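Heads up, the sequence shown is in our numbering, so the first residue is 55 and it goes up one at a time.
Before any comments, here is the structure.
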Amino acid sequence: MIIPEEIQELRTMVRQFVDKEIIPYAGEYDRTGEMPTPLYDKCIEMGLNAAYMPEAFGGPELSKLAFAVLQEELARGDIGISTTMGATCLASLPVMLGGTKEQQALWWNIVAEKHYAAFCLTEPNAGSDAAAMRTTAHRDGDDYILNGTKCFISNGGLAGVYSVLATVDRSLGHKGLTAFIVERDRPGISIGKEEDKMGMRLSNTTEVLFDNVRIPASNRIGPEGGGFKVIMQTLDYSRPGVGAQGVGIAQRALEEAVKYAKQRVQFGKPIASFQGLQFMLADMAIEVETARQMAYHAADLIDHGATDFTYEACIAKTRGGDAAVKVALDAVQILGGYGYMREYPVEKLMRDAKIIQIYEGTNQIQRSVIAGKLLK
């Protein structure tokens with residue numbers, strides 16, 4: 055795919071930023087577990103936290119293809135930073151897809167002030183099975199009262215506003231699911247456990263607890279029972295960007311493997327001269343490039359007004375996740391014993407890569423959807 059010049063310029067700008075401001079410091083933050091606030095602040099200064107924000111509210115209003123490129127380049131530096139910035143965009147999608155102009159204004163004004171938003175979907179007993187959701191929204195006059203627990207929420211402890219999926223009637227299954235805008239400062243909202251993760255450690259991942267949280271009915275996104283549709287649309291729109299995150303991790307792993315293979319000498323010559331390793335590097339490059347093209351293609355379909363791109367979006371997400379894991383594992387293998395040590399970045403890339411196969415719909419669920427499209 056030929057990338058427009060303005061998106062290439064965005065790539066160059068973000069890559070230079072990542073090389074200077076993120077890559078030199080990400081490893082230490084990963085080791086200490088300290089919140090990388092200085093890195094977040096620099097990203098916010100560049101507007102990377104709110105890439106979908108309309109120009110009318112001071113945002114860049116990036117296309118989906120430009121967003122995929124942005125996520126790829128940020129993930130090349132660190133998946134936690136990429137997720138922190140991307141989570142605000144993910145949370146914004148329900149409001150953009152199903153919200154009124156007044157709701158969009160409310161949302162973007164909060165994001166402009168508070169910088170972060172979070173998408174509250176997953177629960178302890180409701181991951182892939184959204185119909186099993188137990189967070190409730192009870193109508194009380196002109197308000198709704200929310201009760202429940204959300205878990206594994208990216209930006210959960212940072213967000214100034216949440217997009218929340220709850221059920222108005224558990225007996226209705228997915229037909230009772232309804233989406234809401236919930237401001238962080240409403241009484242009854244608290245932050246639960248912050249997760250200690252294997253990878254993606256530069257992102258904030260927490261429980262978000264709702265205890266009799268009262269919100270106006272005007273904060274409901276779409277009709278009662280319309281939440282499942284808008285959330286499924288949200289995930290379709292977001293998956294090319296997740297696939298692109300996988301591409302970024304794989305690209306960085308490939309770069310590290312090539313650099314090491316050219317420097318490491320065994321049997322009197324660089325290991326890059328051995329055909330077996332050359333074939334490994336070539337296969338890694340094939341993984342990166344095919345995943346990149348699928349992510350870009352799915353994003354480009356959205357930009358060009360496609361009405362049904364679920365199939366392509368699921369493939370993009372799946373391909374990106376699988377490529378990230380395979381290429382990172384191969385990079386560790388090429389570095390050998392050094393690849394297993396924290397002195398080199400590939401062990402971190404290996405830990406970080408796994409999340410791409412898990413969040414925003416596991417790759418097993420993606421394959422089920424892809425198969426369903428084929429067999430329909």
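From the three backbone atoms N, C-alpha and C, an ideal C-beta is built for every residue, glycine too.
As the structure is a computational prediction, the values presented were derived from the model and not from experiment.
- Three or more beta-carbon pairs separated by less than 8 Å are not found between the stretch 135–152 and the stretch 181–192, which leaves the two stretches without contact.
- The DSSP-derived three-state label of S146 is helix.
- Taking C-beta separations shorter than 7 Å and ignoring five residues to either side along the sequence, the partners of L124 in its chain run L64, V68, L102, A105 and L116, following chain order.
- In this structure, the CA atom of E75 is about 26 Å from the CA atom of A349.
- T221 sits close to A191, with the two beta carbons spaced by under 9 Å.
- The Cβ atoms of A352 and V301 lie no closer than 9 Å to each other.
- In terms of CA proximity to Y198, F234 leads the group A171, Y216, K204 and F234.
- With at least 16 other beta carbons inside 10 angstroms of its own, H169 counts as buried.
- Around the CB of S225, fewer than 16 other CB atoms lie within 10 Å, so the residue is classed as exposed.
- Between V262 and T203, the CB-CB gap stays under 9 Å.
- For T372 and T260, the gap between their C-alpha atoms comes out near 25 Å.
- Within the same chain, and ignoring the five residues on either side of L331 in sequence, the residues whose Cβ sits closer than 8 Å to its Cβ are A315, I325 and I388.
- Between the stretch 399–416 and the stretch 293–313, the count of Cβ pairs shorter than 8 Å is three or higher; the stretches touch.
- By a beta-carbon distance limit of 8 Å, N258 contacts L212. Their separation comes to about 5 Å.
- DSSP links R274 through a beta bridge to F234.
- Under the three-state reduction of DSSP output, S136 falls in the helix class.
- Look at P78 here: in three-state DSSP terms it is helix.
- For T364, the enclosing alpha helix (DSSP H) starts and ends at T364 to L389.
- In the assembly as shown, E109 is an exposed residue. Its beta-carbon has fewer than 16 other beta-carbons within 10 Å.
- Of the residues S244, G227, Q299 and K430, the one whose Cα lies closest to the Cα of I409 is Q299.
- Cβ neighbours of F264 within its own chain (closer than 7 Å, five residues either side excluded): T189, L200, N201, G202, G242 and I243.
- The shortest C-alpha to C-alpha distance from R293 to any of D95, V165, E88 and C143 is the one to C143.
- In this structure, the CA atom of L231 is about 45 Å from the CA atom of Y394.
- Membership of S422 in the alpha helix (DSSP H) is indicated by the continuous run N417 to L429.
- A Cβ-Cβ distance of about 15 Å is found for the pair G374 and V423, leaving them out of contact under the 8 Å criterion.
- Cβ-Cβ separation between I245 and G214: approximately 13 Å, too far for a contact (criterion under 8 Å).
- In the three-state reduction of the DSSP assignment, G279 falls in the coil class.
- Pairing Q411 with D95, the inter-Cα distance amounts to about 28 Å.
- I285 is positioned such that its CB atom lies closer than 9 Å to that of L175.
- Residues E341 of the same chain have their beta carbon placed closer than 7 Å to that of K380, with the five preceding and five following residues left out of the count.
- Minimum Cα-Cα distance from I98 among the listed residues D357, E366 and G113 corresponds to G113.
- Secondary structure at D406: helix, using DSSP grouped into helix, strand and coil.
- Under DSSP, R268 takes part in a beta bridge, and its partners are I199.
- Our two residues, Q70 and G140, have alpha carbons roughly 19 Å apart in a direct line.
- Taking 9 Å as the cut-off, the beta carbon of G253 is found closer than this to the beta carbon of M404.
- By the 16-neighbour rule on beta-carbons within 10 angstroms, K118 is buried.
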